[in-house]
Amino acid sequence: MLIQKLVAYAFYPTVWVIVALVLALVLFCWGRVRGAALSVFLGLVVLVFASMPLVAVGLWKSLEGRYPILVPSEQPKADVIVVLGGGIALPEPPQVVPDLNDAADRVWYAAELYHAGKAPWVVVSGGQVFPRSGLESEAEYHRKLLERMGVPAEAILVESASRDTAGNAMLTAALMRERKFQKALLVTSAAHMPRAVLLFEHAGVDVVPASCDVHGVDMDVPLILKLLPVAWAFQDTERALHEWLAFVYYRYFAAN
Numbered sequence: 036m037l038i039q040k041l042v043a044y045a046f047y048p049t050v051w052v053i054v055a056l057v058l059a060l061v062l063f064c065w066g067r068v069r070g071a072a073l074s075v076f077l078g079l080v081v082l083v084f085a086s087m088p089l090v091a092v093g094l095w096k097s098l099e100g101r102y103p104i105l106v107p108s109e110q111p112k113a114d115v116i117v118v119l120g121g122g123i124a125l126p127e128p129p130q131v132v133p134d135l136n137d138a139a140d141r142v143w144y145a146a147e148l149y150h151a152g153k154a155p156w157v158v159v160s161g162g163q164v165f166p167r168s169g170l171e172s173e174a175e176y177h178r179k180l181l182e183r184m185g186v187p188a189e190a191i192l193v194e195s196a197s198r199d200t201a202g203n204a205m206l207t208a209a210l211m212r213e214r215k216f217q218k219a220l221l222v223t224s225a226a227h228m229p230r231a232v233l234l235f236e237h238a239g240v241d242v243v244p245a246s247c248d249v250h251g252v253d254m255d256v257p258l259i260l261k262l263l264p265v266a267w268a269f270q271d272t273e274r275a276l277h278e279w280l281a282f283v284y285y286r287y288f289a290a291n
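For what it's worth, the numbering used here labels the leading residue of the sequence shown as 36, then goes sequentially.
What follows is the structure in structure tokens.
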């Protein structure tokens, strides 16, 4: 788990910019002024392009457009709703309650699907990526939130041992076989859905993508504003690249 995350960092624009600047400093100290200038230039190119809203939104759309974005009432019925973790940050000190992040749409969308009668069961899947004593799993916090949203406790099944999407798929598939569930409405962020579908299908689950938490929204602004570098776009570019890297890894290497 840790090794995978460290390897992924090598592909992030932040690292590319830092490497370019460090290389420029080394080259300058060696008297290679032209090489240093070129390295600075390349670092700036990466920084500027990665910080453009047009680039960030385009990357999000390339992931999120693979499956339709539907309101809960438009989704088909299934045996179970499976909602993946990631929508809640664990209450690490000094926090005393879990923190909802932008992926918490997953929990809300799963509750809406349940109330729309799309499935009689909800599976919440997700443990702790890096185990910490005294804290419950993401799935347990999701379960509590679903209950607050009106989903009956007896309709919720918890898978709290997985630490990544591959684990979500493998352990949820085992739970579904045990319960004799056939079809699942898979709820996760739209950008995460391609990887999630790939892994769940590889685990033998018949899934219907139920995407939410969309980031690649249309920007109805002048083109110049889509090109001007901003900090949020840089962060979004890195997040989208992370998802693409993970998808390619599982599609062409780990899932075969």
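In this text, a Cβ means the ideal position worked out from N, Cα and C, and glycines have one as well.
Being a predicted model, the structure only gives us computed values, none of them experimental.
| Query | Result |
| --- | --- |
| Pairwise C-alpha distance: residue 162 and residue 221 | 17 angstroms |
| Assigned secondary structure, residue 280 (DSSP; H/G/I helix, E/B strand, else coil) | helix |
| Delimiting residues of the beta strand (DSSP E) encompassing residue 241 | 241-247 |
| Own chain, CB closer than 6 angstroms to residue 216, minus 5 neighbours either side, in chain order | 114 and 115 |
| Secondary structure of residue 259, DSSP reduced to three states | helix |
| Cα-Cα separation between residue 165 and residue 197, rounded to whole angstroms | 11 angstroms |
| Check whether residue 105 and residue 122 have beta carbons under 9 angstroms apart | no |
| The segment 40-48 contacting the segment 276-291, beta-carbon criterion three pairs below 8 angstroms | yes |
| Three-state secondary structure (DSSP) of residue 220 | strand |
| Beta-carbon spacing of residue 219, residue 228 below 9 angstroms | no |
| Boundaries (first-last residue) of the beta strand (DSSP E) holding residue 192 | 191-194 |
| C-beta contact flag for residue 200 and residue 148 at 9 angstroms | no |
| Coarse secondary structure for residue 123, derived from DSSP in three states | strand |
| Chain-order list of residues whose beta-carbon lies under 6 angstroms from that of residue 178 (same chain, five-residue window excluded) | 159, 191 and 193 |
| Same chain only: Cβ atoms within 7 angstroms of residue 175, ignoring 5 sequence neighbours per side | 193 and 195 |
| Residue 104 - DSSP class collapsed to helix/strand/coil | coil |
| Alpha helix (DSSP H) segment containing residue 52, residue limits | 48-64 |
| Alpha-carbon to alpha-carbon, residue 52 and residue 71 | 13 angstroms |
| Nearest neighbour of residue 236, chosen from 133, 205 and 151 [CA to CA] | 205 |
| Straight-line gap, residue 86 to residue 187 (C-alpha atoms, nearest Å) | 44 angstroms |
| Stretch pair the segment 129-144 + the segment 243-258: three plus CB contacts closer than 8 angstroms | yes |
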